[in-house]
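This report concerns only the one structure given below.
There are 2 protein chains.
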Amino acid sequence: MSSAGEDFVARLEGCAADTERLLDRLLAQKPEASEIERPDRLLDAMRYASLGGGKRLRPFLVVESANLFAVAPEQSLMTGAALECIHCYSLVHDDLPAMDNDDLRRGRPTAHKAYDDATAILAADSLLTFAFDILSRQETHPDPEIRVALVRELARAAGIGGMAGGQLLDLAAEGRFDDGKPRKLGERDVVILQSMKTGALLHFACIAGGILGSAKAGEREALSRYGHAIGVAFQIADDLLDVEGDAATLGKATGKDAASGKATLVGILGVEAARARLARCVDEAQAALSVFGNRAKTLSEAAQFVAARRN
Amino acid sequence: MSSAGEDFVARLEGCAADTERLLDRLLAQKPEASEIERPDRLLDAMRYASLGGGKRLRPFLVVESANLFAVAPEQSLMTGAALECIHCYSLVHDDLPAMDNDDLRRGRPTAHKAYDDATAILAADSLLTFAFDILSRQETHPDPEIRVALVRELARAAGIGGMAGGQLLDLAAEGRFDDGKPRKLGERDVVILQSMKTGALLHFACIAGGILGSAKAGEREALSRYGHAIGVAFQIADDLLDVEGDAATLGKATGKDAASGKATLVGILGVEAARARLARCVDEAQAALSVFGNRAKTLSEAAQFVAARRN
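Quick mapping for you: the protein sequence lines, in order, are chains Y and P.
Per numbering that gives the first Met the number 0, the very first residue in the first sequence carries number 0; after that it's consecutive.
Per numbering that gives the first Met the number 0, the very first residue in the second sequence carries number 0; after that it's consecutive.
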C-alpha cells in the first residue's frame, strides 16, 4: 500500500477545512427562528467537542461519494457536518467516567474534563439532536424525500442497530455488566461489534453520496459494498496501530487492546493474517467502485489511505 | 377549574394505551432492514425507560391537535411516539448522578439504578436517535415534506435552543457551574428557562397536529399560541404542586423547590398571583382555539386538565 498522493492529501485537507468552517457557522451564537436561545456554556461545549480537530474522514467520504453524481459540495458538506456531529457526540459520551473514563482526546482534555460531566452529557445530546436539525434543512438538499432518507439512514446507523448498540456490545465484551473480566469473543462476534460501533457511520458516509445524487440501484449497491469494506479496513488498521504503532505519532498509548484483553481481529487472527485481511478489504472496496470507472479515483485512494494510516 | 369530564378522561387514557402499544411494537426485538442487530440489554433498557408509565400528555396533545384536521390517528400516534422517546430520553439523562442524581422515578428505580450509568446513557442516546427514525418513516405521513418539517421542529424543540438548553440553564441556576449556591433568577429568566426546559416539547406537541394536517397559517399560529400557553400553565401547575401537593398522591417529595432555593414563578410571584397567572394561561389557551370552534372541545378541556392536575 503506497502512501497517499499529494493531490489526495490536498483534497482531504480541503474538505476538513470546509467542514470546520461550516460547523463553525452552524454553531454560531444566533438562535434559529424556532429556537428560544442558545445558552453560552452549552454552545461553547458543543463547539469544543466538534471544532478544531480530526481528519474529518467521514465528511470526506460523504463529499467524495456525492462527487460521483456531481452533487454540489455545499449540499454534501451539510450532510458531512451532520455526520460529524454524531461522531463527535459519541466521542464525548464514550469518554465519560461512566463509560471509558478518558481524560485526553487528541492531546486535549476531554469535554467532561474541560467542562464537567453534566455539561458534557448535554453538549453531546445537543450535537446528536443538531445533526437531525442540519439534515432537515433546505440547504442539505432541495428534495424533502432525499432529506428524509438521509434522516432515516443516519438514525439507523447511529442508534441501537448501529453505533450505540456497538458501544454497548463493546462494554459487555469488557465484562462491564457482570464479573468485570473481558469475554473471549469469536471472529463473528468481533466483526458484528465493530461493524456496528465504527462501521455503521463509515458505511452511512459512503451511501449518503448515492442518496444525495439519486443514484441508481446498482450504484447504491456498489457504494454500500464499498462502505462495508472501508469500515472493516478502518478497524483492522486501527487494531494494527495499537499493536505496531508509535505512541508519539499516534498521540495515545499503544498496546492497550492486548493489555485490556480486548477482542480484536488482530488478536484473533494474528498480525500477518490481519494484514492479509486488510489488503483484501482494500481490494474489495476498490473492486466495488469499478461501476464508476475513472470518476472514483479519489474514493479508490481513500480505501488505501484508510488502510495505510499512521495515526 | 372543574375536574375533567369522563369523556375527556377516557380519551386521554385511550391515547396512553395506544401510545404504549405502538412503542411496544416499535421497540420489538427485530432489527429493521438497515440495522445490524439490537443488543438485548440495550433494548431492555430502552423499553424500561419508555414503557409502562405516564399519562402520555405529549402524545395526547399531538393526536388531539391532529384531530382538528382529521389526520388518521395511526399517523399522529407515530409522531406522538417519537416525541415520547425524546421526553423519556431526557428523564433518563436528567436522573443520572452527574445531573439531578435521582434514584426513583414514578415509584420505580431510575434507569441507571435498574441497569448502570453506561447502559442508561446509551439507552437514552438510542431513544433520542430512535425518535428521528420514527419520524422518517412513511407510516408517520405519506408526504416527505411533512415528515422533514416534523424532524426540523422536533430537533429544535429538543436541542440547544429548547429542552437541552433549558436543562443547562436549570443546572446553572442551581449554581452547579460555580459556587454551588442557587442564583436568584428574575421573572423573565425563569420564564425563558421553563419555556425551554419543559415548554418547548409541549409546544411541539401542539403544533405537530397543524404540520400533520397541513393547517393554514392562521390555524398554525393559533396552535402555536395554544402550545405556549399550555407550556406555561403546565409549569406553574407543577410548581404549585410542589408547594401545595400531597406527597402520597404525587409519588414524590414536595417542598423540594423552596428547600433547594430553586427559582419558580410561584416563588417569585407568590401562590395567589401564580394561581391567577395560571388561570390567565388557561384563558389564553382556550381563546387561541376559537378559530377551530366546537372541534377543539378536547383541546380546550386539555388546558383545564393541565392546570388542575393533581399528580
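Every residue, glycine too, gets a C-beta built ideally from N, C-alpha and C.
As the structure is a prediction and not an experimental result, all values here were calculated from the model.
If we count the other Cβ atoms within 10 Å of its Cβ and call it buried at 16 or more, is residue i buried or exposed?
{"i": "residue 103(Y)", "result": "exposed"}
{"i": "residue 39(P)", "result": "exposed"}
{"i": "residue 1(P)", "result": "Here residue 1(P) scores only 48 on pLDDT, less than 50, and its place in the model is too uncertain to base an answer on."}
{"i": "residue 51(P)", "result": "exposed"}
{"i": "residue 273(P)", "result": "buried"}
{"i": "residue 196(P)", "result": "buried"}
{"i": "residue 6(Y)", "result": "exposed"}
{"i": "residue 293(P)", "result": "exposed"}
{"i": "residue 193(Y)", "result": "buried"}
{"i": "residue 37(Y)", "result": "buried"}
{"i": "residue 66(P)", "result": "buried"}
{"i": "residue 171(Y)", "result": "buried"}
{"i": "residue 241(Y)", "result": "buried"}
{"i": "residue 302(P)", "result": "buried"}
{"i": "residue 10(P)", "result": "buried"}
{"i": "residue 141(Y)", "result": "exposed"}
{"i": "residue 243(Y)", "result": "exposed"}
{"i": "residue 271(Y)", "result": "exposed"}
{"i": "residue 64(Y)", "result": "buried"}
{"i": "residue 289(Y)", "result": "exposed"}
{"i": "residue 93(Y)", "result": "buried"}
{"i": "residue 182(P)", "result": "exposed"}
{"i": "residue 124(Y)", "result": "buried"}
{"i": "residue 311(P)", "result": "For residue 311(P) there is no data in the structure shown, the boundaries of chain P being 0 and 310."}
{"i": "residue 8(Y)", "result": "exposed"}
{"i": "residue 282(Y)", "result": "exposed"}
{"i": "residue 204(Y)", "result": "buried"}
{"i": "residue 69(P)", "result": "exposed"}
{"i": "residue 151(P)", "result": "buried"}
Given a cut-off of 9 Å, decide if residue j and residue i are closer than it, judged by their beta-carbon atoms.
{"i": "residue 49(Y)", "j": "residue 162(Y)", "result": "no"}
{"i": "residue 184(P)", "j": "residue 57(P)", "result": "no"}
{"i": "residue 235(P)", "j": "residue 276(P)", "result": "yes"}
{"i": "residue 83(P)", "j": "residue 105(P)", "result": "no"}
{"i": "residue 15(P)", "j": "residue 307(P)", "result": "no"}
{"i": "residue 167(P)", "j": "residue 191(P)", "result": "no"}
{"i": "residue 284(P)", "j": "residue 232(P)", "result": "yes"}
{"i": "residue 73(P)", "j": "residue 138(P)", "result": "yes"}
{"i": "residue 206(P)", "j": "residue 187(P)", "result": "no"}
{"i": "residue 81(Y)", "j": "residue 130(Y)", "result": "yes"}
{"i": "residue 43(Y)", "j": "residue 114(Y)", "result": "yes"}
{"i": "residue 237(P)", "j": "residue 266(P)", "result": "no"}
{"i": "residue 26(P)", "j": "residue 77(P)", "result": "no"}
{"i": "residue 143(Y)", "j": "residue 30(P)", "result": "no"}
{"i": "residue 222(Y)", "j": "residue 287(Y)", "result": "yes"}
{"i": "residue 95(P)", "j": "residue 110(Y)", "result": "no"}
Would you identify the three-state DSSP class for residue i, choosing helix, strand or coil?
{"i": "residue 1(P)", "result": "Reliability of the predicted coordinates at residue 1(P) is poor, the pLDDT of 48 falling under 50, and no value is obtained from them."}
{"i": "residue 298(Y)", "result": "helix"}
{"i": "residue 273(Y)", "result": "helix"}
{"i": "residue 231(Y)", "result": "helix"}
{"i": "residue 115(P)", "result": "coil"}
{"i": "residue 33(Y)", "result": "coil"}
{"i": "residue 72(P)", "result": "helix"}
{"i": "residue 244(Y)", "result": "coil"}
{"i": "residue 210(P)", "result": "helix"}
{"i": "residue 28(P)", "result": "coil"}
{"i": "residue 183(P)", "result": "coil"}
{"i": "residue 143(Y)", "result": "helix"}
{"i": "residue 40(P)", "result": "helix"}
{"i": "residue 267(Y)", "result": "helix"}
{"i": "residue 316(P)", "result": "Nothing can be reported for residue 316(P): it is not among the residues displayed for chain P, which extend from 0 to 310."}
{"i": "residue 90(P)", "result": "helix"}
{"i": "residue 312(P)", "result": "Nothing can be reported for residue 312(P), as the shown portion of chain P is limited to 0 through 310."}
{"i": "residue 51(Y)", "result": "coil"}
{"i": "residue 219(Y)", "result": "helix"}
{"i": "residue 132(P)", "result": "helix"}
Across which residues does DSSP place residue i in a beta bridge pair?
{"i": "residue 107(Y)", "result": "104(Y)"}
Exercise. Determine contact between the segment 282-302 of chain Y and the segment 254-261 of chain Y, defined as no fewer than three beta-carbon pairs at a distance below 8 Å.
Key: no
Exercise. Decide yes or no for the touch test of the segment 160-174 of chain Y against the segment 108-128 of chain Y: beta carbon pairs closer than 8 Å, at least 3 of them.
Key: no
Practice problem: Flag this pair as touching only if the segment 9-27 of chain Y and the segment 146-153 of chain P have three or more C-beta atom pairs under 8 Å; answer yes or no. | Solution: no
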